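Visitor: Sharing a structure with you now.
2 protein chains.
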Amino acid sequence: MKIYELGPAPSARRVSIFLAEKGIEVERQHIDIRGGENLSEDFKAKSLNGQIPVLELDDGTTICESVAICRYFDEAYPTEYSLFGNNALEKAQVEMWQRLVELRGLLVAMQAFRNISGIYQDRENCIAEWGEESRQRLIEFIPTLDKQLAVTPYIAGNNFSIADITTVILCDFIQNLEIQIDDSLPNLQRWYQHVSERPSIKA
Amino acid sequence: MKIYELGPAPSARRVSIFLAEKGIEVERQHIDIRGGENLSEDFKAKSLNGQIPVLELDDGTTICESVAICRYFDEAYPTEYSLFGNNALEKAQVEMWQRLVELRGLLVAMQAFRNISGIYQDRENCIAEWGEESRQRLIEFIPTLDKQLAVTPYIAGNNFSIADITTVILCDFIQNLEIQIDDSLPNLQRWYQHVSERPSIKA
Chain A
1 MKIYELGPAP SARRVSIFLA EKGIEVERQH IDIRGGENLS EDFKAKSLNG
51 QIPVLELDDG TTICESVAIC RYFDEAYPTE YSLFGNNALE KAQVEMWQRL
101 VELRGLLVAM QAFRNISGIY QDRENCIAEW GEESRQRLIE FIPTLDKQLA
151 VTPYIAGNNF SIADITTVIL CDFIQNLEIQ IDDSLPNLQR WYQHVSERPS
201 IKA
Chain B
1 MKIYELGPAP SARRVSIFLA EKGIEVERQH IDIRGGENLS EDFKAKSLNG
51 QIPVLELDDG TTICESVAIC RYFDEAYPTE YSLFGNNALE KAQVEMWQRL
101 VELRGLLVAM QAFRNISGIY QDRENCIAEW GEESRQRLIE FIPTLDKQLA
151 VTPYIAGNNF SIADITTVIL CDFIQNLEIQ IDDSLPNLQR WYQHVSERPS
201 IKA
């Protein structure tokens, strides 16, 4: 079993934090994204979306998409406490927040960053105006997280979940967009300081 | 228990097909999206993303995001066969395909449609150039589905899953973008004709 990744990339870090929370160690192989190693036919045969991370099982089966990789480990290595939720309502609430943070947060932040910076303009059309619009929508979304954290200790409720991992990744990533978790977001700020102390996130 | 929805909207239809597959009937309440009923404070208090569908439980707890609603029913009303997969690998493969079809298909199609048509320009900035770019990326993604369906009977493998439901919704929605599942996509075409015969999808 092996994970192909670029360690500091947001989606690779999501898997790393998830595995650290579960105490699972997996062999890693570095892929040079900026150099275009993920554009090779060999890599594309492993990764349906052409992206890292990719989990390769011992029989050669490959799984891409970071959340799908996390779900594999959650199911194949069950522990008493699941980061995807532990009853029907909790699982639905984790899924809801996971999607909210991803679809209105992380993906929007990625579109903002890629379209404003043009970091991958050698391989995609960048439309700066959409980047700026995305950055604005992201700024409008972030207070939703602060409001939630005023009433619950973690993003999806009373327990730390994969939605918290996605939110940590978001909070770190938005620094690339010159957006800060400042004093106008006291609950998000407090939560961020608190979860940053977890060994999985410190690592 | 009640679902707030606009029946023909893609995300409401996903939940309807899912419930029909599971044989669950739930009370529905129509929400007038074009008229802006979802913009009211009353609705926003129920729906964190301001969108339909929203599931309201008998104790007043609400869940938005269509996949989260499906997951609630999958967990709260378990059947022998889950549309989210039935072992660790299958669950990971369903999650992977569900995400691929959603993140590279349905969401891209929505961004294309909203930005090209300007249907919600009374409530969002539309950037036609991003709409056209999204439409092009969607056209480049669709053959991935055809290629998969050349080797597996359903999107995520041997069994019908929520990833097939999302793909049906995508195939129907792209007609708004004048994209057809034509003879250049024989496997996707065959799969579409086959799954369209399911009572849940015919309804």
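First to last, the sequence lines map onto chains A and B.
Mapping of the first sequence onto full-length UniProt numbering: position 153 corresponds to residue 153, and the numbering continues sequentially without gaps.
Mapping of the second sequence onto full-length UniProt numbering: position 19 corresponds to residue 19, and the numbering continues sequentially without gaps.
Note that beta-carbon positions come from the ideal geometry of N, C-alpha and C, so glycine has one too.
All values reported here derive from a predicted model rather than from experimental measurement.
#1: In whole angstroms, what separates the C-alpha of Leu170 of chain A from that of Cys126 of chain A?
#2: Between which two residues does the beta strand (DSSP E) carrying Tyr4 of chain B extend?
#3: Output the boundary residues of the alpha helix (DSSP H) element that contains Gln136 of chain A.
#4: Can the beta-carbon of Ile165 of chain B be found less than 7 Å from the beta-carbon of Ile17 of chain B?
#5: Compute the minimum distance between the beta carbon of Ile52 of chain B and the heavy atoms of the ligand ADP, and state whether it is under 6 Å.
#6: Can you round the beta-carbon distance between Phe113 of chain A and Leu185 of chain A to whole angstroms, since I take them to be within the 8 Å contact cut?
#7: In chain B, which residues lie less than 7 Å from Trp130 of chain A when you measure between Cβ atoms?
#8: Between the C-alpha atoms of Phe73 of chain A and Gly35 of chain B, what's the straight-line distance to the nearest angstrom?
#9: With a Cβ-Cβ cutoff of 7 Å, do Ala109 of chain B and Phe173 of chain B count as a contact?
#10: Which first and last residues belong to the alpha helix (DSSP H) in which Arg198 of chain A is found?
#11: Along chain A, in chain order, which residues have C-beta atoms closer than 8 Å to that of Ile96 of chain B?
#12: According to DSSP, Glu65 of chain B sits in a beta bridge with which residue or residues?
#13: Determine, using beta carbons only, whether Lys44 of chain A comes closer than 7 Å to chain B.
#14: Excluding sequence positions up to five away, which residues of its chain have a Cβ less than 8 Å from the Cβ of Leu106 of chain A?
#15: Taking Glu95 of chain A as the reference, give the member of B:Cys64, B:Glu21, B:Leu57 with the closest Cα.
#16: Hey, Gln29 of chain B and Lys46 of chain B: beta-carbon distance below 7 Å or not?
#17: Helix, strand or coil for Val101 of chain B, going by three-state DSSP, please let me know.
#18: Out of A:Ala92, A:Gly50, A:Asn158, which one is the CA nearest neighbour of Ile69 of chain B?
#19: Going straight from the alpha carbon of Ala62 of chain B to that of Asp42 of chain A, what length do you get?
#20: So which residues of chain A does residue 205 of chain B contact, with C-beta pairs closer than 8 Å?
#21: Could you tell me the distance, in whole angstroms, from the CA atom of Gln175 of chain B to the CA atom of Glu132 of chain A?
#22: At a Cβ cut of 7 Å, what residues of the segment 138–149 of chain A count as close to chain B, listed as they run along the chain?
#23: Which chain B residues are close to Arg99 of chain A, counting only those with a beta carbon under 8 Å from its beta carbon?
#24: Beta carbon of Ser82 of chain B, beta carbon of Val15 of chain B: below 7 Å?
#25: Note down, in chain order, each residue of its chain lying with its Cβ closer than 6 Å to the Cβ of Phe160 of chain B, except the 5 sequence neighbours on either side.
#26: I'd like the span of the alpha helix (DSSP H) that includes Gln111 of chain A, first residue to last.
#27: Three-state secondary structure (DSSP) at Leu55 of chain A?
#28: At 8 Å on the CB atoms, spell out the chain A contacts of Leu106 of chain B, in chain order.
#29: Could you check whether the Cβ of Tyr81 of chain A sits closer than 7 Å to any Cβ belonging to chain B?
#30: Alpha carbons only, please: which of A:Leu138, A:Arg198, A:Asn38 is nearest the one belonging to Leu6 of chain A?
#31: Run through DSSP, which three-state label would Glu178 of chain A get?
#32: Where do the N-terminal and C-terminal ends of the alpha helix (DSSP H) with Arg28 of chain A fall, by residue?
#33: Just how far apart, CA to CA, sit Gln111 of chain A and Arg123 of chain A?
#34: So, with DSSP's three-state summary, where would you put Tyr72 of chain B?
#35: At a CB-CB cut-off below 8 Å, which residues of chain A make contact with Asn178 of chain B?
Guide: On the basis of the supplied data:
#1: 21 Å
#2: 2–5
#3: 128–149
#4: yes
#5: Here there are no bound small molecules, and the ligand ADP is not part of this structure.
#6: Incorrect: roughly 20 Å between the Cβ atoms, too far for contact.
#7: Ile127, Trp130
#8: 44 Å
#9: yes
#10: First-last for Arg198 of chain A: undefined, no H or E at that position.
#11: Residue identity check: residue 96 of chain B is Met in the sequence provided, not Ile. Neighbours of Met96 of chain B on chain A, chain order: Leu48, Ile63, Cys64, Glu65, Ala68.
#12: Its beta-bridge partners do not exist; DSSP assigns none.
#13: no
#14: Pro10, Thr166, Ile169, Leu170, Phe173
#15: B:Cys64
#16: no
#17: helix
#18: A:Ala92
#19: Before going further, note that residue 62 of chain B is Thr rather than Ala in the sequence given. Near 45 Å, if we compare the C-alpha coordinates of Asp42 of chain A and Thr62 of chain B.
#20: Absent from the structure is residue 205 of chain B, since the part of chain B shown begins at 1 and ends at 203.
#21: 29 Å
#22: Thr144
#23: Glu65, Val67, Ala68
#24: no
#25: Tyr154
#26: 107–117
#27: strand
#28: Correct list: empty, because the minimum Cβ distance to chain A is about 11 Å.
#29: no
#30: A:Asn38
#31: coil
#32: Note, Arg28 of chain A: premise wrong, no alpha helix (DSSP H); beta strand (DSSP E) at 27–30.
#33: 14 Å
#34: helix
#35: Here residue 178 of chain B is Glu; the residue named in the question, Asn, does not match the sequence. Neighbours of Glu178 of chain B on chain A: none; closest Cβ ~20 Å, over 8 Å.
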